[in-house]
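A short worksheet on the structure shown next.
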Amino acid sequence: MREVEQQARALVNSGQLEAAEALVRPWLASGTGPLVLWRVLAAAIRPQGRIAETRAIQEMLVANAPGDLPARFDLSETLLLMGDFERGWREYRYRYSLAHTSSIERKVQMPRWNGQPMPGRTLLIHDEQGFGDTFQFMRMVAWAKAKSGARVVFEVNPATYSLAQRAEGFDDLIVRGTLPPRFDMHCELMSLPMSMGLKLADLPGKMPYMSADAGRIEKWRMRLADLARPLVALVWAGRPTHFNDANRSMSLAQLAPLARSGATFVSIQKGPASSQALDAPAGMRMVSLSDEIADFEDTAAILSVADLLISVDSSPVHLAGALGRPAWVLLPFVPDWRWLLGRDDTPWYSSVRLCRQRARGDWGGVIDTVAQDLTAWTAARQQGHAKR
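Converting from the sequence shown to this note's numbering requires adding 14 to each position, the first position being numbered 1.
Right, here's the structure in full:
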């Protein structure tokens, strides 16, 4: 049995999902069988887009092994992907049971806030995960202050501190790693949805809820003034260390069909993939800004000057959405839970459009559709500019 599990997991990890499913199915044909093989089956069919079937298996696993916390977290992501926020947020609290998240858990001696009023006392809200998560859930700090009636101390990572200064809903803003003032209760930023019972109907809330620095906007307006409009910012690869990066990133060469649109592209790609902008696809008018971007303040300002962002699932998408700037997001066949299923808009951001793979791994189909839409969008923008 151990050998079957190992073989099946190796197949899943190498993307041979159908082969992994075929290997374990005979062991589960009676509807019973080792839970570990049911877990492998769920891992094999979820990326194939069989989400309802995955949920049924995951719920069975949780019912039979409630102490298996990673299984509960897996269920949470499926529930949230399906829009079942009520149960999904409750199960999401098990995220710190995973190897790749346990290291970032904040050990706090004070009780976690569960949404109750606490006037006259102090609530510490602290971010916990990636930059995009901070941008996405920052809107809820003001909601928590209104519901709790507390003095709110908001703790953020150094990279987002400057941007957070212009947000609302806190009395004190501190940088992660510094000693917070005395507080009575705490809550992780991404536990606010559970504490407050966040529903889809509550979204998006007040938009935009973040803003770019006026001085940086002027700097980048001058820097980009000589480029032909419209200006499209591009991000084609996420963070290489992300556990799902292979699914959500691509190469700049794959975006070559976008060149037909006639738009001018500016690369705001960071990390190792940024060098690809120096060898842009033939016919693509590309200016690389990557080495000039010092921080998220620069990114926010560029997004405020550019006409559109086209990006894979990455932190600039959430920044653009929080700023109320237009963005088209290139999503894999089964995306991260926050993008839900079967829709080309998102309740999180009114200015963001979702462009989904129609088949697993089919970036070509997504890009061809986006290229056609971008060509029409560019023509309309140029015509409107000519009339002015």
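Just so it is clear, CB atoms sit at the ideal spot from N, CA and C, and this is done for glycine as well.
Shown here for Leu83: same chain residues with a beta carbon closer than 6 Å to its own, the five before and five after excluded, namely Tyr108 and Ser111 in chain order. Taking the CA atoms as reference points, Met199 sits about 15 Å from Leu193. Out of Leu31, Ala228, Gly47 and Gly45, the CA that lies nearest to the CA of Thr313 is found in Ala228. Cβ neighbours of Ile59 within its own chain (closer than 7 Å, five residues either side excluded): Glu35, Glu67 and Thr68. A straight line joining the alpha-carbon of Asn128 with that of Leu206 spans about 8 Å.
The three-state reading of DSSP puts Leu112 in coil, since its state is none of H, G, I, E or B. For Ser205, the three-state secondary structure derived from DSSP is helix. Secondary structure of Leu333 (DSSP, three-state): helix.
Taking 8 Å as the cut-off, the Cβ atoms of Thr278 and Ala242 count as close. Around the beta carbon of Ser265, fewer than 16 other beta carbons sit within 10 angstroms, so the residue counts as exposed.
Under the three-state reduction of DSSP output, Phe347 falls in the coil class, being neither helix nor strand. Per DSSP, Ile282 lies in no beta strand (DSSP E) and is assigned neither H nor E.
Inter-residue distance for Val326 and Arg235 is about 24 Å (C-alpha atoms, whole angstroms). Spanning the alpha carbons of Leu75 and Gly47 requires a straight line of approximately 12 Å.
Remark: fewer than three beta-carbon pairs, one from each stretch, lie closer than 8 Å, so the region 351 to 364 and the region 376 to 390 are not flagged as touching. Residues His332, Leu333 and Ala336 of the same chain have their beta carbon placed closer than 6 Å to that of Phe149, with the five preceding and five following residues left out of the count.
Around the Cβ of Val189, a 10 Å sphere holds fewer than 16 other Cβ atoms; the residue is exposed. Note on geometry: alpha-carbon atoms of Leu212 and Pro40 lie some 41 Å from one another.
Excluding five sequence positions before and after Leu94, the CB atoms of its chain that fall closer than 6 Å to its own CB belong to Gly102 and Trp351, given in chain order. CA-CA distance, Arg237 to Ser302, rounds to 12 Å. DSSP places Val326 within a strand segment (E or B) once states are collapsed to three. Taking the Cα positions, Phe151 is about 21 Å away from Asp358. The beta carbon of Gln21 sits closer than 7 Å to the beta carbons of Leu37 from its chain, once the five residues preceding and following it are set aside; these are given in chain order.
A direct Cα-Cα distance of roughly 9 Å separates Tyr106 from Asp88. Taken through DSSP and simplified to helix, strand or coil, Trp234 comes out as helix.
Contact annotation, Ser275 with Thr389: C-beta distance approximately 4 Å; criterion of less than 8 Å satisfied. As the crow flies, the alpha-carbon of Ile65 is around 10 Å from that of Ile71. Here Ile59 carries a helix assignment [DSSP, helix/strand/coil]. Contact annotation: Ala267 and Pro295 have beta-carbon atoms nearer than 8 Å. Within its own chain, the residues whose Cβ lies closer than 8 Å to the Cβ of Arg153, once the five positions on either side in sequence are excluded, are Pro218, Gly219, Lys220, Tyr223 and Ala336, listed in chain order. With at least 16 other beta carbons inside 10 angstroms of its own, Asp141 counts as buried. If you ignore the 5 residues before and after Ala320, its C-beta comes within less than 7 Å of the C-beta of Leu245, Val246, Ala247 and Val280, all in its own chain and listed in chain order.
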